[in-house]
Amino acid sequence: MIRVKLREDYSNLIFYLSPLVAVALTLFFGSFIFLILDLSPIESFKIFFMSPISNSYGISELFVKATPLAIIALGLSYCFKNNIYNIGAEGQLTMGAIFGGGIGLLFNDSTSVFLLPLMILFGAIGGAFWATIPAILKTKFNTNEILTSLMLTYVALFILDYFVVGPWKDPAGYGLPKSMPFPDAGRLPVLFDGLRVHIGAYFAIIICFITYIVYNKTLFGFKLKVSGLSSKASQYAGFKYKNLIFYTFIISGACAGLAGLFEVSGPIGLLYRDISPNYGFTAIIVAFLGRLNPIGIILSSLLIALTYLGAEDAQLFLKIPSAVGFVFQGLVLFFLLGTDFLNKYRVSIE
Amino acid sequence: MNIELIIGILNIVLISTTPLVFAGLGELVTEKSGVLNLGLEGLMLVGAVTGFITLVLTGNYFYSLILSIISGVILSGIFAFLVLNLMTNQIATGLALTIFGIGLSAMLGKKFSGTPIEGLSPYYFIIISFLLVFSVSYFLSKTKSGLIVRAVGENHNSAYALGYNVIKTRYLTIIFGGVMSSLAGYYISICYAPMWQEGMTAGRGWIALALVVFATWKPWRLLVGAYIFGGVAIMQMNLQAFGVELPGQFFNMMPYIATLIVLVFISSNKVRLKLSAPSCLNIPYEKNS
Chain A
16 MIRVKLREDY SNLIFYLSPL VAVALTLFFG SFIFLILDLS PIESFKIFFM SPISNSYGIS
76 ELFVKATPLA IIALGLSYCF KNNIYNIGAE GQLTMGAIFG GGIGLLFNDS TSVFLLPLMI
136 LFGAIGGAFW ATIPAILKTK FNTNEILTSL MLTYVALFIL DYFVVGPWKD PAGYGLPKSM
196 PFPDAGRLPV LFDGLRVHIG AYFAIIICFI TYIVYNKTLF GFKLKVSGLS SKASQYAGFK
256 YKNLIFYTFI ISGACAGLAG LFEVSGPIGL LYRDISPNYG FTAIIVAFLG RLNPIGIILS
316 SLLIALTYLG AEDAQLFLKI PSAVGFVFQG LVLFFLLGTD FLNKYRVSIE
Chain B
49 MNIELIIGIL NIVLISTTPL VFAGLGELVT EKSGVLNLGL EGLMLVGAVT GFITLVLTGN
109 YFYSLILSII SGVILSGIFA FLVLNLMTNQ IATGLALTIF GIGLSAMLGK KFSGTPIEGL
169 SPYYFIIISF LLVFSVSYFL SKTKSGLIVR AVGENHNSAY ALGYNVIKTR YLTIIFGGVM
229 SSLAGYYISI CYAPMWQEGM TAGRGWIALA LVVFATWKPW RLLVGAYIFG GVAIMQMNLQ
289 AFGVELPGQF FNMMPYIATL IVLVFISSNK VRLKLSAPSC LNIPYEKNS
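As given, the protein sequences belong to chains A and B, one line each in that order.
Counting the first sequence from 1 gives a position; our numbering is that position plus 15.
Counting the second sequence from 1 gives a position; our numbering is that position plus 48.
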C-alpha cells in the first residue's frame, strides 16, 4: 500500500533537483515520440538539442529567443510569488509592442538618439497599462485575474490586428497587413555585426540582477514571500495586500511590454500580426521551470528557447512539424508539476 | 434585405456555434465540481485530429467518433491525475495540456493535412447539442448525482465529511469535460470544415472558457450565450454585405469584452458571486491522511 504524508522537513535539494528530473523524464518520453515517428532518438536529439547551437549564429539565435522569455518570466515571477495568476502576458507584450512601436511609427523620420529610449519607455508603459486593468478589477471588484488577464490578451491581439490592417498599414506594403519599418534610430542595436542578438539580452540580465536583490534583500521581496504563503498572514502583519497585487501586476506587465517592444524593434523591425510565437504563454512555463528564482529563470529560458530552435531544425532536417517543440514544452511542464508532488509529500510503500 | 439571406445566415450561425456549446457545456460541468481546466483548446485539437485520421484510415465514422472520444478520455485523465492525485496547480497544468495538445495534434496530423474527406451532416450534432444542454441542466439541478457534483464544487471538505468521494466525482467531471471538448473538435474537423489543418480550432477553446463565465455556470444561459457569441462572429463577416463600415476586429473582441463585463458584474457583489461561481473553483483538495 502506498502511503502519502505531508513533508514536515522541507528539502532544498529536491526543490532544485526536480526541474532536472523533469527535463530527464521529458527526454525519455520524447525519445518515444521520435521512435513512433520512425526516427532514431539519438540522431533526432542531436538535431533537436545540439545542432541549433553548434555555431555562433545558432548561439545568437538562442539568446534572441531566450531574451523575451526571460524578461517576461522574470516579471511573472513577481505575480506568481504573490499567488496572483497573471496569465495575460501575451496581451501585455502585444500592448507594449503597440505603444512602443506606435512611437516608432509616429516619429518615423526621426534620427534622434532619444527615439529608442522613448520607444522602450512606452513599451513598458503599454504593458503596464494593460496589466493594470486586471489589477484594478481584482482589487476593486474582486474579479478573478486569471480570466480577465486571459480575455484581455485576445482583445490586445485584435487591437494590434486593427492597427496593422487599418491605420498603420504600410501604403507601400502591397496591401499586406504590416506597418512601415521603424526608422534606424528606432531599431535595437545588435551586439555583434551580422548576428541578431540585441541589447535586450543585457536588459534580461539587469532585470534578473534587480529581481535577485529585490527578492533577497528588500522589504518588498519579503512582503511578497509572506503574502504568497498566506495572504491572511500578510494582512495581519499590516502589509497592504491590495497594493502588493497592484505592484506585482504593473511589474509583470511592464516586463512583458518591454519584451514585446524588444521583439518589434529588434529582430522584427516593424509591426505585424504574429509578433510573438506564444512567448507570453511559454514564459509561464519558463517561470515555473525556473522555480520563480531569477537565476533559475535565466537557465530555464535558455532551455525553452532551445526547444524553439530545435523544433525549427527538426522541421528542416527531420521533416517533422515544428510544433514538436510545443510537445516538449508541454511535457516538461507536466513532469515538473508532477515532480513537485515529491517536494510537498513523502511517499512510502508499506 | 431578403428572407433567403437571413435564413442563410441563421443556418451558418447554427452550424458554427455548435462546437462552443459542446466544449462550453463540458467545461461548465468540470467547473461546477470545482476544477478549472484551461486545456480545452488542446483537447479540442487532439479530438479533431484523432477523429480525422481514423476516418481517413478506416473510412468508418463510428470508429473515428469513438477514437476521438478516447483521446479526450486519455488526455483529460492525465490532467485529472495531475491536479487531483498530485495536486498540481490547475492553471499551469491546464496550460501545459493546451500547449501539449497543440503540438501533438500538429505532429500527428502533418501527413493528413489537406486530405479530402466526406463530411458528416452537422445537423445530428446540433440536435445532440441541444439535448445535452437539456440533460446537463436536468442532471445538475434535479438529480442526486448532480447535487453531489455541485456540493463538491461548493465546499469539498463538507462534501467529504458527508461521505462523498471528492476525487472520484472530480475525475468523472473532468473526463466528461474532456470528452465534450474532443466532440467539439471532432465536429470541427468532420462536420464543420470538413478537413484537418494545424490549429484549426482557432481559439474556440478560449471562447468556450469565457462562455462558461458569461453564462454564470448555467447550462441554458450557456446555450444562449454561445449563440450570441457565434452570431456576433458571423455578423461580423456579413456586415460588409449590409453596408456597415466598422472594423471587423471590434466585433471579434465583443465576446471577450462581454465576458469581462459579466465577470466584473458577478464578482463585484460578494453575495452574487457566491450564488453563481462554484466556491471551490481552482482550490486544490488535499485529503488529510
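Backbone N, C-alpha and C fix where the C-beta goes; we use that ideal spot for every residue, glycine too.
Spatially closest choice to residue i from the options, by CA coordinates
i: residue 237 of chain A; options: A:85, A:56, A:30, A:97; result: A:97
i: residue 163 of chain A; options: A:173, A:151, A:174; result: A:151
i: residue 323 of chain A; options: A:338, A:277, A:175; result: A:338
i: residue 135 of chain B; options: A:350, A:364, A:363; result: A:350
i: residue 296 of chain A; options: A:60, A:153, A:142, A:108; result: A:108
i: residue 279 of chain A; options: A:256, A:213, A:233; result: A:213
i: residue 211 of chain A; options: A:364, A:80, A:363; result: A:80
i: residue 226 of chain A; options: A:63, A:56, A:61, A:270; result: A:270
i: residue 299 of chain B; options: A:248, A:173, A:157, A:316; result: A:173
i: residue 68 of chain B; options: B:258, B:312, B:188; result: B:258
i: residue 281 of chain A; options: A:252, A:197, A:294, A:180; result: A:197
i: residue 279 of chain B; options: B:169, B:294, B:229, B:58; result: B:58
i: residue 27 of chain A; options: A:228, A:359, A:300; result: A:359
i: residue 177 of chain A; options: A:157, A:188, A:194; result: A:194
i: residue 204 of chain B; options: B:332, B:52, B:73, B:64; result: B:332
i: residue 242 of chain B; options: B:124, B:324, B:169; result: B:169
i: residue 184 of chain B; options: B:271, B:284, B:50; result: B:271
i: residue 86 of chain B; options: B:192, B:150, B:281, B:179; result: B:150
i: residue 160 of chain A; options: A:37, A:84, A:136, A:102; result: A:102
i: residue 192 of chain B; options: B:179, B:212, B:262; result: B:212
i: residue 276 of chain A; options: A:35, A:309, A:136, A:95; result: A:136
Enclosing beta strand (DSSP E) for residue i [first to last residue]
i: residue 198 of chain B; result: Note, residue 198 of chain B: premise wrong, no beta strand (DSSP E); alpha helix (DSSP H) at 192-202.
i: residue 363 of chain A; result: 360-364
Continuous alpha helix (DSSP H) stretch holding residue i: start and end
i: residue 100 of chain A; result: Per DSSP, residue 100 of chain A belongs to no alpha helix (DSSP H) and is neither H nor E.
i: residue 248 of chain A; result: 246-251
i: residue 166 of chain B; result: Element bounds for residue 166 of chain B: n/a, residue is neither H nor E.
i: residue 157 of chain B; result: 138-157
i: residue 156 of chain A; result: 130-156
i: residue 96 of chain B; result: 88-106
i: residue 205 of chain A; result: Where residue 205 of chain A is concerned, there is no enclosing alpha helix (DSSP H), given that its DSSP letter is neither H nor E.
i: residue 257 of chain A; result: 256-278
i: residue 322 of chain A; result: 309-328
i: residue 310 of chain B; result: 296-316
i: residue 50 of chain B; result: Premise fails: residue 50 of chain B is in no alpha helix (DSSP H) and is neither H nor E.
i: residue 266 of chain B; result: Neither: residue 266 of chain B is in no alpha helix (DSSP H) and is coded neither H nor E.
i: residue 300 of chain A; result: 294-304
i: residue 111 of chain B; result: 109-128
Chain B within 8 Å of residue i, Cβ atoms only
i: residue 263 of chain A; result: no
i: residue 170 of chain A; result: yes
i: residue 289 of chain A; result: no
i: residue 109 of chain A; result: no
i: residue 162 of chain A; result: yes
i: residue 345 of chain A; result: yes
i: residue 217 of chain A; result: no
i: residue 382 of chain A; result: It is not possible to answer for residue 382 of chain A, since the shown part of chain A is limited to 16 through 365.
i: residue 53 of chain A; result: no
i: residue 308 of chain A; result: no
i: residue 338 of chain A; result: yes
CB contact check: residue i to chain A, cutoff 8 Å
i: residue 230 of chain B; result: no
i: residue 245 of chain B; result: no
i: residue 216 of chain B; result: no
i: residue 109 of chain B; result: no
i: residue 64 of chain B; result: no
i: residue 135 of chain B; result: yes
i: residue 323 of chain B; result: no
i: residue 305 of chain B; result: yes
i: residue 337 of chain B; result: Confidence at residue 337 of chain B is low in this model, with a pLDDT of 41, below 50, so the placement of that residue is unreliable and no value is reported for it.
i: residue 148 of chain B; result: yes
i: residue 158 of chain B; result: yes
Margin query: Between the region 154-174 of chain A and the region 225-241 of chain A, can you find at least three pairs of beta-carbon atoms closer than 8 Å?
Written below: In short, these stretches do not touch, since the Cβ pair count stays below three.
Notebook entry, point to check: Can you give, in chain order, each stretch of the alpha helix (DSSP H) that sits fully within the region 36-60 of chain A and has at least 4 residues?
Noted result: 56-60
Notebook entry, point to check: Would you call the region 120-139 of chain A and the region 49-65 of chain A in contact, with 3 or more CB pairs under 8 Å?
Noted result: no
Next item on the list: Determine, using beta-carbon pairs with one atom in the region 295-310 of chain B and one in the region 81-95 of chain B, whether at least three such pairs fall under 8 Å.
Entry: Result no; under three Cβ-Cβ pairs closer than 8 Å.
Note to self: Does the structure place the region 91-105 of chain B close enough to the region 140-158 of chain B that three or more beta carbon pairs sit under 8 Å?
What the structure shows: Contact between the region 140-158 of chain B and the region 91-105 of chain B is present: three or more C-beta pairs spanning the two stretches fall below 8 Å.
Item checked: Inter-stretch contact (C-beta, 8 Å, three-pair minimum) for the region 126-142 of chain B and the region 196-205 of chain B -> no
Item checked: Sufficient close CB pairs (3 or more, under 8 Å) joining the region 104-123 of chain B to the region 217-236 of chain B -> Segments in contact, yes.
Item checked: Secondary structure, alpha helix (DSSP H): runs of 4+ residues fully inside the region 161-233 of chain A -> 215-232
Notebook entry, point to check: Is there contact here, the region 206-220 of chain B with the region 245-265 of chain B, by at least three beta-carbon pairs under 8 Å?
Noted result: no
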